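Enquirer: Heads up: the protein sequence lines correspond to chains A and B, in order.
If you're matching positions, the first sequence starts at -3 in the numbering used here and goes up one per residue.
If you're matching positions, the second sequence starts at -3 in the numbering used here and goes up one per residue.
Each residue gets a CB set at the ideal place from its N, CA and C atoms; glycine is no exception.
Just so it is clear, the structure is predicted and the values come from calculations on it, not from any experiment.
There are 2 protein chains.
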Amino acid sequence: MITIKDIARAAGVSHTTVSRALNGSPLIKPVTRERIAKIASDMNYVPNYNAKNLVTRKSNTIGLFFSSIEQGTSSSFLADALKGIRRELDEHYMLTVSGIDDAGSLDSINPRRYDGILVMSQSELDNRFIYHVQSADIPLVVLNRQLDDPSIANVASDDRVGGRAAADHAFQCGHRSIAIIEGKPGFKSSSERRLGYMDSLIAHGLSPNPDYFVPGDYSIESGYAAMNTLLDLNNRPTAVFCGNDDMAIGAMNACFDRGVHIPGDISLIGFDDMIFAQYTNPPLTTIHKSVSEIAAEGTKLLLQRMEQPNAEPIQRLLGSKLVQRRSVAEFASEDDH
Amino acid sequence: MITIKDIARAAGVSHTTVSRALNGSPLIKPVTRERIAKIASDMNYVPNYNAKNLVTRKSNTIGLFFSSIEQGTSSSFLADALKGIRRELDEHYMLTVSGIDDAGSLDSINPRRYDGILVMSQSELDNRFIYHVQSADIPLVVLNRQLDDPSIANVASDDRVGGRAAADHAFQCGHRSIAIIEGKPGFKSSSERRLGYMDSLIAHGLSPNPDYFVPGDYSIESGYAAMNTLLDLNNRPTAVFCGNDDMAIGAMNACFDRGVHIPGDISLIGFDDMIFAQYTNPPLTTIHKSVSEIAAEGTKLLLQRMEQPNAEPIQRLLGSKLVQRRSVAEFASEDDH
DNA sequence: CGTTATGATGAAAACGTTAACATTTATAGT
DNA sequence: ACTATAAATGTTAACGTTTTCATCATAACG
């Protein structure tokens, strides 16, 4: 392997000069710089990052940590997230991916190993990890889950406006009995989406019906169960807003199993817009949440924080918008435009 | 940050002794080792991997490269793959994830940065990358795609036995007109799956019907289109083996759109057993291919290769087995058991 | 022309480890 | 007790960079 000293020898200068030339130091005469650059490239030089990082006390690595890499349904998250991150990340950065759980001892999470950390968080269980990172003084951005703590940079989708958009859409399609299958209790996203849903109800002068709030936990199975309890009601809702697409799929299956037609008999709205939402039967009307966009935005923020660690941490909510497909029936009704 | 020299001072020994003690050298008296270990842990010591790697000429990093991180439907691959890899990988290894495309210049793929590389490959387009890695002398295992070159370690699912299992199952359920929607032309997996399908036909004395080979490219859309051409046939098949689950979903949608009932009117078998296969309507009978298992096995192999770079590279095919769900109709027919 | 500022380069130290070689200390054999 | 051998520890150099500080030209100024 070839080093700057080899280049130095070839160029007849000191290795210091080579180092400077290659790093674009203004101390080097442009002609020398060019000459050295050429030689380096001819010799196929590639820097040794261990040596480099040792002296600069950087790691050249940013770490992406996932809530729990086990969760089956979160799988497309990963790919999307990586896509978004890579888009913003200079290619010479290394990007490592780990589950929060299998990160091993928290001691291994230190500023020497990570220039910055992104946490793709799904639950409050991650807080221990998050606060460790923060106290270890590693630049940090938490993605995907809305945080209360203003001292932590955060980007997530605006679940509340998303929830509101979902219910608004149902209303605009003429629905007046709109139920909600709620997300996992305790998750911020669950409560925000419910809040948005209620915002809409209130704005339209609909009074919330206790029967129409049914618990779920974001799993397909819980969606299935929840839909069944809804279908058992005497006064069935005409539309139901599912806290995420997974539950919507469960709900669809429940309907199918009981011969309830979507959207003929009941309308469904999801949240997330996973890849599969467009291929369900019928295609699912849902709230689009762009994980890759969140990741990209978060990466930008992280990079900023790495430059200016003392800047005020930013919380950012990315708009979520409705994607209309075919799971919501449109009644002939008054439109309000 | 605390270094071995700090520990040495605290313990009243030389830093070399500390290094040895911490690395479990047999040269150190057990009592001293314990004492030093205790001090190190009390002082919250964590080694500087840059320094370590600099002198040992290792990188402590293994790289996972994906065909193209863009492809939407391959997304669950990622999560599964990571799961499998992490299961085998000592936690002090760093694991980086990149798309083959966004890896930047191939020069950055060198033994200094990667102790070993896993390529989760989907197409022959990856060959350029693969051969670069090989010629850069980095221990390498190619996953997920069956390779012809015996000089490269490789683990993939046994597509041929999978294809055969699919067709066998259809046969055993009484089907005699079995079509195939083929995968992307040129992909090894496509031809292997077709081969397996034909193995079965031949074994059962069925003669292949040219109409029953319809091209696809592994995309949902191509499955949709292919199914339509199949449904246009005068002599429709009673079962169709789809080269992967995505195309099966496309096929399902085509059937639904034309009011063709599954499995009443036509049976469907997929390949891959993605998460969603169990939630389609009806749940999809498919060939289970365990990406996490492939990844785990590949990681083991890689670790071996890193230890003994000169050992004969191993090619390994992991069995694929049928998962029976509800997309295949069972005819009253002779059983052959 | 001599001083001074300035622009370009070089020498040496440092980053935190491991490893080769050297030294000390304990153990054993006579 | 006296070497010979083994076991345990220490010294020093090395890994490939960047950085601090020093040096040497060169240009600018009066």
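Quick one: grab the DSSP three-state call for Ala325(B).
Expert: Mapped onto the second sequence, residue 325(B) falls at position 329. Here Ala325(B) sits in coil by DSSP.
Enquirer: Can you list the residues of chain A that Ile216(B) reaches, using a CB-CB cut of under 7 Å?
Expert: The residue given as residue 216(B) occupies position 220 in the second sequence. Counting only Cβ-Cβ distances below 7 Å, Ile216(B) has contacts in chain A at Tyr275, in chain order.
Enquirer: Phe272(A) touches chain B at which residues, Cβ-Cβ below 7 Å?
Expert: Working through the first sequence from its first residue, we reach residue 272(A) at position 276. In chain order: Phe272.
Enquirer: What are the boundary residues of the beta strand (DSSP E) that includes Leu114(A)?
Expert: Walking along the first sequence from the start, residue 114(A) turns up at place 118. Gly112 to Met116 is the span of the beta strand (DSSP E), which, as asked, contains Leu114(A).
Enquirer: Pull up the DSSP beta-bridge partners for Thr28(B), would you.
Expert: Working through the second sequence from its first residue, we reach residue 28(B) at position 32. DSSP output for Thr28(B) lists no bridge partner at all.
Enquirer: In the DSSP output, what is Asp122(A) paired with across the bridge?
Expert: Your numbering for residue 122(A) matches position 126 in the first sequence. Its beta-bridge partners do not exist; DSSP assigns none.
Enquirer: What does Val42(A) touch in chain B if you count any residue whose Cβ is under 9 Å from its own?
Expert: By one-based count along the first sequence, residue 42(A) stands at place 46. Ser101, Asp103, Ser104, Asn106, Arg108 and Arg109, listed in chain order.
Enquirer: Using a C-beta to C-beta distance shorter than 7 Å, which residues of chain A count as neighbours of Val93(B)?
Expert: By one-based count along the second sequence, residue 93(B) stands at place 97. Here the neighbours are Leu78, Leu91 and Val93.
Enquirer: Taking the beta carbon of Gly68(B) as the centre, do at least 16 other beta carbons fall within 10 Å, making it buried, or is it exposed?
Expert: Your numbering for residue 68(B) matches position 72 in the second sequence. Residue placement at Gly68(B) is poorly supported in this model, since its pLDDT is 45, which falls under 50; the coordinates still yield a value, given next. So Gly68(B) counts as exposed.
Enquirer: Whose CA, out of Asn19(B), Val14(B), Ile3(B) and Phe73(B), lies closest to the CA of Ser286(B)?
Expert: The count along the second sequence starts at 1 and reaches residue 286(B) at position 290. For Ser286(B), the nearest C-alpha among the options comes from Phe73(B).
Enquirer: Any Cβ of chain A within less than 8 Å of the Cβ of Ile177(B)?
Expert: As a working mapping, residue 177(B) is identified with position 181 in the second sequence. So, not an interface residue.
Enquirer: With contact counted as at least three CB pairs below 8 Å, one residue from each stretch, are the segment 210 to 219 of chain B and the segment 232 to 240 of chain B in contact?
Expert: Yes, the segment 210 to 219 of chain B is in contact with the segment 232 to 240 of chain B.
Enquirer: So Met(-3)(A) contacts chain B; which residues on that side make the cut at Cβ distance below 7 Å?
Expert: Reading the first sequence from its first residue, position 1 is the one you call residue -3(A). In chain order: Arg108.
Enquirer: Within the continuous beta strand (DSSP E) that includes Cys169(B), where are the two ends?
Expert: The residue you call residue 169(B) lines up with position 173 of the second sequence. Unbroken run through Cys169(B): none, as it is neither H nor E.
Enquirer: Please determine if the segment 187 to 195 of chain A and the segment 144 to 163 of chain A are in contact, where contact requires at least 3 C-beta pairs separated by less than 8 Å.
Expert: yes
Enquirer: Which ranges does the alpha helix (DSSP H) cover as unbroken runs of at least 4 residues, wholly within the segment 228 to 305 of chain B, from first to last along the chain?
Expert: Correct list: 241 to 253 and 287 to 303.
Enquirer: Does DSSP classify Leu18(B) as helix, strand or coil?
Expert: To locate residue 18(B), count along the second sequence from 1; it is residue 22. Three-state DSSP puts Leu18(B) in a helix.
Enquirer: In chain order, which continuous runs of the alpha helix (DSSP H) of length 4 or greater are located wholly inside the segment 176 to 210 of chain B?
Expert: Counting only runs that start and end inside the segment 176 to 210 of chain B, the alpha helix (DSSP H) elements of at least 4 residues fall at 184 to 199.
Enquirer: Buried or exposed: where does Ser63(A) fall if 16 or more other Cβ atoms within 10 Å of its Cβ makes it buried?
Expert: Reading the first sequence from its first residue, position 67 is the one you call residue 63(A). Label assigned to Ser63(A): buried.
Enquirer: Please determine if the segment 89 to 102 of chain B and the segment 82 to 95 of chain A are in contact, where contact requires at least 3 C-beta pairs separated by less than 8 Å.
Expert: Remark: three or more beta-carbon pairs, one from each stretch, lie closer than 8 Å, so the segment 89 to 102 of chain B and the segment 82 to 95 of chain A are flagged as touching.
Enquirer: Using DSSP with H/G/I as helix, E/B as strand and the rest coil, what is Leu139(A)?
Expert: Counting from one through the first sequence, the residue named residue 139(A) turns up at place 143. Reduced to three states, the DSSP call for Leu139(A) is strand.
Enquirer: Along the chain, where does the alpha helix (DSSP H) that runs through Arg5(A) open and close?
Expert: The sequence position of residue 5(A) within the first sequence is 9, counting from 1. In this chain, the alpha helix (DSSP H) harbouring Arg5(A) covers Ile0 to Ala7.
Enquirer: What residue does the alpha helix (DSSP H) around Lys48(B) start on, and which one ends it?
Expert: In the second sequence, residue 48(B) corresponds to position 52, counting from 1. Following the DSSP letters along the chain, one finds Lys48(B) inside the alpha helix (DSSP H) bounded by residues Tyr45 to Thr52.
Enquirer: Hey, does Leu74(B) have any beta-carbon neighbour from chain A nearer than 8 Å?
Expert: For the purposes of this step, residue 74(B) is taken as the residue at position 78 of the second sequence. So yes, Leu74(B) belongs to the interface.
Enquirer: Going by DSSP, name the residue or residues bridged to Arg312(A).
Expert: To locate residue 312(A), count along the first sequence from 1; it is residue 316. Arg312(A) is bridged to Val151(A).
Enquirer: Is there a Cβ of chain B sitting closer than 8 Å to that of Gly68(A), yes or no?
Expert: Taking the first sequence and counting its residues from 1, the one referred to as residue 68(A) is at position 72. Only weak support exists for where Gly68(A) lies, its pLDDT of 45 falling under 50; the coordinates are left without a value.
Enquirer: Among Tyr110(B), Leu91(B) and Gln118(B), which residue has its Cα nearest to the Cα of Ala132(B)?
Expert: On the second sequence, residue 132(B) is found 136 positions in, with the first residue counted as 1. Looking at Tyr110(B), Leu91(B) and Gln118(B), the one whose alpha-carbon comes closest to that of Ala132(B) is Tyr110(B).
Enquirer: When we look at the beta-carbon of Thr13(A) and count the other beta-carbons within 10 Å, is it buried (16 or more) or exposed?
Expert: Along the first sequence, read from residue 1 onward, the residue named residue 13(A) stands at position 17. With 16 or more other Cβ atoms within 10 Å, it is buried.
Enquirer: So, at 6 Å on beta carbons, what are the nonlocal neighbours of Ala6(A) in its own chain, with the 5 sequence-adjacent residues on each side left out?
Expert: For the purposes of this step, residue 6(A) is taken as the residue at position 10 of the first sequence. Correct list, in chain order: Ile35.
Enquirer: What do you get for Phe327(B), buried or exposed, if any count of 16 or more other CB atoms within 10 angstroms of its CB means buried?
Expert: Locating residue 327(B) in the second sequence gives position 331, counting from the first residue. It counts as exposed.
Enquirer: Rank Leu229(B), Leu23(B), His88(B) and Asn40(B) by C-alpha distance to the C-alpha of Thr(-1)(B) and give the top, closest one.
Expert: Here residue -1(B) refers to the residue found at position 3 of the second sequence. The residue among Leu229(B), Leu23(B), His88(B) and Asn40(B) with its C-alpha nearest the C-alpha of Thr(-1)(B) is Asn40(B).
Enquirer: Using the C-alpha atoms, what's the distance from Ile24(B) back to Glu30(B)?
Expert: For this step, residue 30(B) is matched to residue 34 along the second sequence. For this step, residue 24(B) is matched to residue 28 along the second sequence. Between Glu30(B) and Ile24(B), the C-alpha separation is close to 10 Å.
Enquirer: Can you give the beta carbon distance from Asn140(A) to Ile290(A), rounded, assuming they're within the 8 Å contact cut?
Expert: What you label residue 140(A) is simply residue 144 of the first sequence in a count that begins at 1. What you label residue 290(A) is simply residue 294 of the first sequence in a count that begins at 1. Contact flag correct, Cβ pair sits at about 6 Å.
Enquirer: Answer yes or no: do Ala247(A) and Ile177(A) have a C-beta to C-beta separation smaller than 8 Å?
Expert: For the purposes of this step, residue 247(A) is identified with residue 251 of the first sequence, where counting begins at 1. For the purposes of this step, residue 177(A) is identified with residue 181 of the first sequence, where counting begins at 1. The answer is yes: Cβ separation under 8 Å.
Enquirer: DSSP three-state label for Ile58(B), please.
Expert: Position 62 of the second sequence, counted from the start, is the residue given in the question as residue 58(B). Three-state result, Ile58(B): strand.
Enquirer: Would you tell me roughly how many angstroms separate the C-alpha atoms of Pro43(A) and Pro259(B), rounded to the nearest one?
Expert: Walking along the first sequence from the start, residue 43(A) turns up at place 47. Walking along the second sequence from the start, residue 259(B) turns up at place 263. Answer to the nearest angstrom: the Cα atoms are 60 Å apart.
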